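Here the sequence shown stands for residues 1 to 97, where the numbers follow our numbering.
To keep things clear, I will list the structure first and then write my remarks on it.
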Amino acid sequence: MAEKVRMVITLDSDSDSSTTDQREEILARHGFFKLTPEKKIRLPESTYIGLVPSTEAGKKKVYAVWKELNDFGLEPRRIFGANIGEWQVYRSEKDKD
């Protein structure tokens, strides 16, 4: 079994052809979610974090997500993904999310 690594993906999509629910469903199939794994803090808009097999991580995973979004006609404009070692999310005390 492959070791798992943490990745982050952020994307811009055409809101006329894509809904958040559709994007989140596809990203979840690839192991990415809107909430941080431990504290369940909502990430900034259009940012997803996931734990994926190291053999699929990096460019390979970013392309797989990009392709599936396009295959479903969700028209992403940009996508960024990276393996991350250390990460931290800060949230304002005034944040209601």
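The beta carbon of each residue, even a glycine, is placed where N, CA and C say it ideally should be.
All values derive from a computational prediction rather than experimental measurement.
| Query | Result |
| --- | --- |
| Just the Cα atoms here: how many angstroms apart are A57 and G81? | 9 Å |
| Tell me the DSSP secondary structure of Y63 in three-state form. | helix |
| Are the CB atoms of I84 and R6 within a distance shorter than 9 Å? | yes |
| Distance, Cα to Cα, E24 vs Y48? | 9 Å |
| Quick one: what's got a C-beta closer than 7 Å to A2's C-beta in the same chain, skipping five residues either side? | P53, S54 and T55 |
| So within the region 29-80, which uninterrupted beta strand (DSSP E) runs reach at least 3 residues, ignoring any that extend past its ends? | 47-53 |
| Measuring alpha carbon to alpha carbon, tell me which of L43, F32, I41 and I26 ends up nearest N70. | I26 |
| Any idea if P76 is buried or exposed, counting beta-carbon neighbours within 10 angstroms, 16 or more meaning buried? | buried |
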